[in-house]
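Take a look at the structure below.
2 protein chains.
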Amino acid sequence: RYFHFCKLPGRVMGIRLLRLTSVVIIVLLLVAGALTALLPTVKDDKMPNSRREPKTQSQSALDSFTLIMQTYNRTDLLLKLLNHYQAIPHLHKVIVVWNNIGEKIPEEMWNSLGPHPVPVVFKVQAVNRMRNRLQNFPELETKAVLMMDDDTLVSAHDLAFAFSVWQQFPEHIVGFVPRKHISTPSGVYSYGSFELQNPGFGNGDQYSMVLIGAAFFHSGYLDDFQRQPEAVYTLIDETQNCDDIAMNFLVAKHTGKPSGVFVKPVDIRNLEKDTNSGYSGMWHRAEHLLQRSYCVNKLVNIYDGMPLKYSNIMISQFGFPNYANHKTKM
Amino acid sequence: RYFHFCKLPGRVMGIRLLRLTSVVIIVLLLVAGALTALLPTVKDDKMPNSRREPKTQSQSALDSFTLIMQTYNRTDLLLKLLNHYQAIPHLHKVIVVWNNIGEKIPEEMWNSLGPHPVPVVFKVQAVNRMRNRLQNFPELETKAVLMMDDDTLVSAHDLAFAFSVWQQFPEHIVGFVPRKHISTPSGVYSYGSFELQNPGFGNGDQYSMVLIGAAFFHSGYLDDFQRQPEAVYTLIDETQNCDDIAMNFLVAKHTGKPSGVFVKPVDIRNLEKDTNSGYSGMWHRAEHLLQRSYCVNKLVNIYDGMPLKYSNIMISQFGFPNYANHKTKM
């Protein structure tokens with residue numbers, strides 16, 4: 001029958017058939033390819049430390065940042081905040097520093113509520129230390145770190161703007177919480193905020209630190225932090241405090257300039273009161289502020305000098321949220 | 001009698017007399033010296049271009065700035081403003097660019113109301129040109145220039161702060177009046193302020209120019225300005241406008257970054273209405289803004305591209321005027 005078919009008017013009919021068959025096959029292949037691309041991605045139960053990377057990890061390491069959030073005894077807040085922060089523009093990855101010693105990470109729950117916009121890595125800690133968050137995590141791929149306390153919510157708008165500011169000042173700690181030290185005639189320093197006297201350099205107030213619990217900074221400083229005098233680690237471990245002051249000393253020494261750049265937040269919230277854990281954060285301890293003054297003086301000893309410098313630059317976003325927020329009555 | 005005197009009890013009396021005489025002479029000389037120092041300095045009638053320098057010109061050229069103020073047909077405002085500006089901290093000298101062709105500078109009055117805190121130089125111009133203020137004046141000794149329109153008053157507090165900001169951003173135009181250009185689908189640019197649409201880079205507005213009529217910039221840019229294409233001068237002379245837009249193009253090309261840094265003024269005032277001259281400034285002309293859009297497009301032709309870049313950084317002074325102006329409700 002085949003031969004009979006082939007004997008139809010000349011070769012022409014045979015070639016036409018060949019063409020038709022080829023076309024049909026190609027079309028079928030294309031359709032199959034399209035269907036494959038449209039298939040939903042398969043979920044898996046790998047360990048959190050090697051979370052499945054989303055198909056498109058297109059954020060370049062230069063144009064995105066890693067959120068590092070240390071957590072202790074406030075897993076409910078942590079999870080609330082993760083829902084918020086996982087969706088911030090330019091976020092590359094989240095590293096949760098798990099200070100809940102002996103307690104299981106909420107891996108199952110986390111997986112069951114996937115997929116998630118970015119990878120989230122839970123780093124289980126051996127000891128509950130304040131400075132655990134200042135490790136040079138191997139999972140850290142970006143130049144920029146966003147460090148947040150586990151009770152602080154900053155709006156995506158503020159974060160997107162502050163990240164763009166950090167990109168213009170990459171050697172500084174760019175963040176939302178300014179603090180200062182002041183000198184006294186005795187030479188002993190004191191730590192505080194704007195309720196303290198102004199340092200007296202012209203009009204207005206000055207700040208000499210930006211706290212890292214709500215700030216962007218260069219990941220290189222985590223590397224630098226590993227090479228500090230032992231006495232710095234001892235100080236932080238003794239007080240379970242002052243890691244942020246130590247970082248400001250480090251950055252100021254490194255740059256010879258004010259360590260921080262203050263960006264005035266539009267929407268920053270402390271969620272402490274919202275926790276069910278009953279735990280309300282280290283800064284409520286009676287000795288907290290006195291400790292911080294103590295730390296300033298200890299660090300001056302350790303570093304043999306006061307490297308912190310003052311700044312009075314306050315940065316806001318032009319035309320946001322109010323498009324005329326810079327309007328000047330002349 | 002002399003000998004008789006000398007024959008008093010021995011040499012002793014003679015020596016005592018000598019001592020006494022010496023002391024009297026020395027005292028008289030000291031008194032004379034003191035009186036000379038207290039004499040009022042003698043006024044002179046030298047030409048304004050070589051104003052007598054005040055006795056102590058201690059402001060270093062690095063830590064002070066020169067005010068350049070061009071004036072046309074508003075001498076009453078000029079004199080009001082000179083009283084204000086001559087007392088600004090860190091001011092080195094004032095250069096008044098006298099565009100009142102054929103009219104005598106108020107030299108006599110100025111001298112009769114001396115002494116003045118800083119030298120003020122009146123530069124008589126041959127032709128009334130907008131770009132006269134952009135000359136490379138030989139009297140200019142400082143790295144920083146403060147350029148002010150002759151109807152604009154900015155408080156000393158704002159100026160002191162903006163000067164400190166300029167010192168941190170010396171390659172930028174640091175000033176109080178932000179403006180922008182926008183693209184349109186046709187490729188034709190338009191000029192304006194915040195009433196125009198946002199350029200569409202994320203939230204909020206952007207600015208791409210800071211006007212030089214109330215701004216600090218590096219004196220080197222005056223030098224650069226002398227070396228621009230002839231078409232730029234022609235444009236400015238034809239429109240009697242746009243010298244500031246041209247400067248922003250120049251600076252943006254030079255740095256590859258946004259030309260300006262906007263400092264939000266606390267107290268900036270337009271004194272136009274206060275003039276007795278009846279003259280109310282170029283920006284009231286009907287075609288003023290259309291001219292500026294025209295200039296943007298012309299300059300893009302001349303420079304073969306759009307060098308202006310957008311910024312949304314708005315700088316304010318931390319803790320001034322309100323010491324808690326950065327207080328955040330958490």
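Going line by line, the protein sequences match chains H and R. All residue numbers for the first sequence refer to the UniProt record's numbering, where the first residue is 1 and numbers rise by one. All residue numbers for the second sequence refer to the UniProt record's numbering, where the first residue is 1 and numbers rise by one. The beta carbon of each residue, even a glycine, is placed where N, CA and C say it ideally should be.
Between the C-alpha atoms of Thr239/R and Val124/R there is a straight-line separation of about 22 angstroms. The DSSP assignment places 91 to 98 as complete runs of the beta strand (DSSP E) inside the segment 76 to 110 of chain R, in order along the chain (cut-off: 3 residues). For the alpha helix (DSSP H) assignment, the segment 160 to 219 of chain R encloses no uninterrupted run of at least 4 residues. Using a CB distance below 9 angstroms, the part of the segment 147 to 180 of chain R facing chain H consists of Thr152, His157, Ala160, Phe161, Ser164, Val165, Gln168, Phe176, Val177, Pro178, ordered along the chain. Residues Tyr189 of the same chain have their beta carbon placed closer than 7 angstroms to that of Ser183/R, with the five preceding and five following residues left out of the count.
DSSP, reduced to helix, strand and coil, places Lys143/R outside both helices and strands of the structure shown, so it counts as coil.
Secondary structure note for Thr328/H: it is in no beta strand (DSSP E), with a DSSP letter that is neither H nor E. The C-alpha of Phe161/R lies about 7 angstroms from the C-alpha of Gln317/R.
Contacts between Pro199/R and chain H, judged by CB atoms closer than 8 angstroms, are missing: the closest CB pair is about 10 angstroms apart. Val97/R is positioned such that its CB atom lies closer than 7 angstroms to that of Asn132/R.
Between the segment 135 to 155 of chain R and the segment 252 to 269 of chain R there are three or more C-beta pairs closer than 8 angstroms, enough to call the two in contact. Chain-ordered, the chain R residues with CB closer than 8 angstroms to the CB of Arg269/H read Met330. Residues of chain H whose Cβ lies closer than 7 angstroms to the Cβ of Lys264/R are, in chain order, His326. Annotated three-state conformation of Asn270/R is strand, per DSSP. The secondary-structure analysis by DSSP pairs Lys123/H across a beta bridge with Val97/H. The CB of Tyr207/H comes closer than 9 angstroms to the CB of Phe318, Gly319, His326 in chain R, given here in chain order. Under the DSSP assignment, Met69/R falls in the beta strand (DSSP E) whose first and last residues are 65 to 71. For Ser208/H, the number of other beta carbons within 10 angstroms of its own is at least 16, and it is reported as buried.
Residues of the segment 286 to 302 of chain H with a C-beta less than 9 angstroms from any C-beta of chain R: none at all. With 16 or more other Cβ atoms inside 10 Å of its own Cβ, Lys93/R counts as buried. The beta carbon of Asn312/H falls within 7 angstroms of a beta carbon belonging to chain R, placing the residue at that interface. The Cβ-Cβ distance between Phe225/R and Trp166/R does not fall below 7 angstroms. Going by beta carbons, Ala252/R and Pro178/R fall outside the 7 angstroms limit. Burial is judged here by how many other beta carbons sit within 10 angstroms of a residue's own beta carbon; Arg292/R has at least 16 and is buried. Under the Cβ distance rule, Ile212/H does not count among the residues neighbouring chain R, no pair being separated by less than 7 angstroms. Each of Val145/R, Asp149/R, Trp110/R, Phe194/R was checked against the Cα of His172/R, and the nearest Cα belongs to Val145/R. Of the residues assessed, Phe201/R falls on the exposed side of the cut-off, its CB having fewer than 16 other CB atoms within 10 angstroms. Burial of Pro106/H is indicated by the presence of at least 16 other C-beta atoms within 10 angstroms of its C-beta. In this structure, the CA atom of Arg227/H is about 10 angstroms from the CA atom of Leu250/H. Between the alpha carbons of Pro89/R and Met147/H lies a distance of about 40 angstroms. Residues of chain H with a Cβ closer than 8 angstroms to the Cβ of Tyr323/R are, in chain order, Phe194, Asn198, Gly204, Asp205.
By the C-beta criterion, the segment 281 to 301 of chain R is judged not to be in contact with the segment 295 to 302 of chain H, since fewer than 3 inter-stretch pairs fall below 8 angstroms. Per the C-alpha coordinates, the member of Gly319/R, Pro199/R, Phe65/R positioned closest to Pro170/R is Phe65/R. Using a Cβ-Cβ cut-off of 9 angstroms, Ile315/R is close to Ile313, Met314, Ile315, Ser316 of chain H, given in chain order. Around the CB of Ala214/R, 16 or more other CB atoms lie within 10 Å, so the residue is classed as buried. Leu20/R counts as exposed, since fewer than 16 other beta carbons sit within 10 angstroms of its beta carbon.
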